[in-house]
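Novice: Dropping a structure here in structure tokens format, bear with me for questions.
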Amino acid sequence: MNSKPSIYVAGHRGMVGSAIVRRLLANGLPPQQLLLRSHQELDLTRQGQVEAFFARERPDQVYLAAAKVGGIHANNSYPAEFIYSNLMVAANVVDAAFKNGVKHLLYLGSSCIYPRLAEQPMTEEALLSGPLEPTNEPYAIAKIGGIKLCESYNRQYGASHGLDYRSLMPTNLYGPGDNYHPENAHVIPALIRRIHEAKQAGAAEVSVWGTGTPLREFLYVDDLARACVLLMQLDRDRLASQVSPRLSHINVGSGEEISIQQLAQAVARAVGYRGNIRFDPSKPDGMPRKLMDSSRMRKLGWEPETPLDIGLSAAYADFLQQQAGHN
147 MNSKPSIYVA
157 GHRGMVGSAI
167 VRRLLANGLP
177 PQQLLLRSHQ
187 ELDLTRQGQV
197 EAFFARERPD
207 QVYLAAAKVG
217 GIHANNSYPA
227 EFIYSNLMVA
237 ANVVDAAFKN
247 GVKHLLYLGS
257 SCIYPRLAEQ
267 PMTEEALLSG
277 PLEPTNEPYA
287 IAKIGGIKLC
297 ESYNRQYGAS
307 HGLDYRSLMP
317 TNLYGPGDNY
327 HPENAHVIPA
337 LIRRIHEAKQ
347 AGAAEVSVWG
357 TGTPLREFLY
367 VDDLARACVL
377 LMQLDRDRLA
387 SQVSPRLSHI
397 NVGSGEEISI
407 QQLAQAVARA
417 VGYRGNIRFD
427 PSKPDGMPRK
437 LMDSSRMRKL
447 GWEPETPLDI
457 GLSAAYADFL
467 QQQAGHN
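Just so we're on the same page, the working numbering is the position in the sequence shown counted from 1, plus 146.
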């Protein structure tokens, strides 16, 4: 019996990675079968470190949830860091996994891989069909690179080495473990922080970036984690009914849209803020609409379970817990 951990979750301290760990443990996986390393213990942008880790540990499965992520401001401010870090993580992990006999890998991408003006809802076929949203183009290109890495390794080594590397593209995510940084956060954690601070200060008004009109889709991170584990464990023939060698990624989203204005109001209700919400049209909106077609994932047996109001309450509770931990 191999007593070493057999499942490596890259990025286990992040929102997605920690949710995958929760799901695996809830499904009955013994904790000793999990292989976890922090960024301080293993820098995935350093090829030598990654190769040494895989050669030593030789996991059976890899969930590649590690990424440098952020909202519009972060993507605009640090484009070089976003493209470099995410390209290096994908290249290093996928290649080291292959070289060390890992046959099963799940790569996590993002809905921003699709063109800015892609037909809505966005199907998997929209990939590489038009120009990307300029504010997150470097990140999107790195994520597209990860999809094509997995596809290319499957095409070249699938038959000879039994490789089966899969890619899942989530919509906008939120929930426990999110990053509530005042400038670099995604829209929901940014709104939670800003509206909470307005409530604490007794402010009559809070300002939100953009016009409030863009439509967005959100998925609670634990619903994504269920999709990740399902897709990893799915029979190859069943998956093959929904993908092809050069179109191998699968979308996962809630299927429901909400305007940023409606979202800000929903966050205010979760936080208990009763002041006015003012929108600042001098700030960028990003893509006007971003809805995923997740019909392939649903055909494979997955459905979202967490309504937005329930998820926002859980996210706010997580924010308060993080704040308490920092004080």
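Where is the CB? At the ideal position from N, CA and C, for every residue including glycine.
Would you kindly check if the distance between the Cβ of G432 and the Cβ of P360 is under 8 Å?
Specialist: Yes, these two residues count as a Cβ contact at 8 Å.
Novice: If you scan the region 381-420 from start to end, which runs of the alpha helix (DSSP H) of 4 or more residues do you find wholly inside it?
Specialist: List check, alpha helix (DSSP H) in window: 382-386 and 406-417.
Novice: Among residues of its own chain, excluding the 5 on either side of Q207, which ones have a beta-carbon nearer than 6 Å to its beta-carbon?
Specialist: For Q207, where only same-chain residues beyond five positions count, the Cβ hits under 6 Å are I153 and H250.
Novice: Determine the DSSP secondary structure at E343, reduced to helix, strand or coil.
Specialist: Three-state DSSP puts E343 in a helix.
Novice: Which residue marks the beginning of the beta strand (DSSP E) containing V162, and which one marks its end?
Specialist: Per DSSP, V162 belongs to no beta strand (DSSP E); it is in the alpha helix (DSSP H), M161 to A172.
Novice: With C-beta atoms as the reference, is A305 less than 8 Å away from N232?
Specialist: Contact flag unset, no.
Novice: Which residue comes first and which comes last in the alpha helix (DSSP H) that contains E203?
Specialist: Per DSSP, E203 belongs to the alpha helix (DSSP H) from Q193 to E203.
Novice: Here's a check: name, in chain order, each residue in its chain whose Cβ is nearer than 6 Å to the Cβ of N148, leaving out the five neighbours to either side.
Specialist: Legend: pLDDT at N148 = 49, less than 50; position of this residue unreliable, no value from coordinates given.
Novice: Starting from F425, follow its DSSP beta bridges and name the residues at the other end.
Specialist: V354.
Novice: Does DSSP put M433 in a helix, in a strand, or in coil?
Specialist: Three-state DSSP puts M433 in coil, outside helix and strand.
Novice: Could you pull the start and end residues of the beta strand (DSSP E) that N300 belongs to?
Specialist: Element bounds for N300: not the beta strand (DSSP E) but the alpha helix (DSSP H), E283 to H307.
Novice: Under the three-state reduction of DSSP, which class applies to R262: helix, strand or coil?
Specialist: Coil.
Novice: Verify whether the separation of the beta carbon atoms of E363 and L295 is less than 8 Å.
Specialist: No; because the gap between Cβ atoms is not below 8 Å, this pair is not in contact.
Novice: Would you check if the distance between the CB atom of D369 and the CB atom of T452 is smaller than 8 Å?
Specialist: Yes, they are a contact pair.
Novice: If you draw a straight line from the C-alpha of H395 to the C-alpha of E271, how long is it?
Specialist: About 10 Å.
Novice: Taking the alpha-carbon positions, what's the I229 to A371 distance?
Specialist: For I229 and A371, the distance between alpha carbons rounds to 25 Å.
Novice: Let me know the secondary structure DSSP gives N318 once reduced to three states.
Specialist: Residue state, collapsed to three classes: strand.
Novice: In terms of alpha-carbon separation, which member of F425, R424 and A410 lies closest to G418?
Specialist: For G418, the nearest C-alpha among the options comes from A410.
Novice: Going along the chain, which residues of its own chain have a beta-carbon closer than 8 Å to the beta-carbon of Q195, five neighbours each way excluded?
Specialist: Excluding sequence neighbours, Q195 sits near L188 and D189.
Novice: Less than 8 Å between C-beta atoms, sequence neighbours within five positions excluded: which residues of the same chain meet that for L171?
Specialist: Closer than 8 Å at Cβ, skipping near neighbours: P177 and L180.
Novice: Report yes if the C-beta distance between A201 and N246 is below 8 Å; otherwise report no.
Specialist: Taking 8 Å as the Cβ cut-off, A201 and N246 qualify as a contacting pair.
Novice: Can you grab the Cα-Cα spacing for the pair S275 / P261, in whole Å?
Specialist: Whole-angstrom Cα-Cα distance: 7 Å.
Novice: Under 8 Å, do P284 and V248 count as touching if we go by C-beta distance?
Specialist: For P284 and V248, no; Cβs fall outside 8 Å.
Novice: Give every residue of the same chain whose Cβ lies closer than 6 Å to the Cβ of G163, excluding the five residues on either side of it in the sequence, and list them in chain order.
Specialist: Correct list, in chain order: V155, G157 and A211.
Novice: Can you tell me which of Y311, E203 and S256 puts its alpha carbon nearest to the alpha carbon of R392?
Specialist: That would be Y311, whose Cα lies nearest to the Cα of R392.
Novice: With respect to the alpha helix (DSSP H) encompassing D468, which residues constitute its N-terminal and C-terminal limits?
Specialist: Note on identity: in this sequence residue 468 is Gln, with Asp being the wrong assignment. Residues L454 to H472.
Novice: In the DSSP assignment, the beta strand (DSSP E) including Q179 goes from what residue to what residue?
Specialist: Q179 -> no beta strand (DSSP E), and no H or E assigned at all.
Novice: Within 10 angstroms of the Cβ of S313, are there 16 or more other Cβ atoms? Answer buried if so, exposed if not.
Specialist: Counting Cβ neighbours within 10 Å, S313 comes out buried, since at least 16 surround it.
Novice: Per DSSP, which residues does V208 bridge with? Please list them.
Specialist: DSSP, once it has assigned bridges, lists Y154 and L251 as partnering V208.
Novice: Could you check the C-alpha separation between A286 and S257 for me, to the nearest Å?
Specialist: For A286 and S257, the distance between alpha carbons rounds to 8 Å.
Novice: Compute the Euclidean distance between the alpha carbons of S184 and G160, then round it to the nearest angstrom.
Specialist: Going by the C-alpha atoms only, they are around 10 Å apart.
Novice: Taking the straight line between their C-alpha atoms, what separation do you get for L252 and V389?
Specialist: For L252 and V389, the distance between alpha carbons rounds to 14 Å.
Novice: Identify every residue that forms a DSSP beta bridge with D310.
Specialist: D310 pairs with H250.
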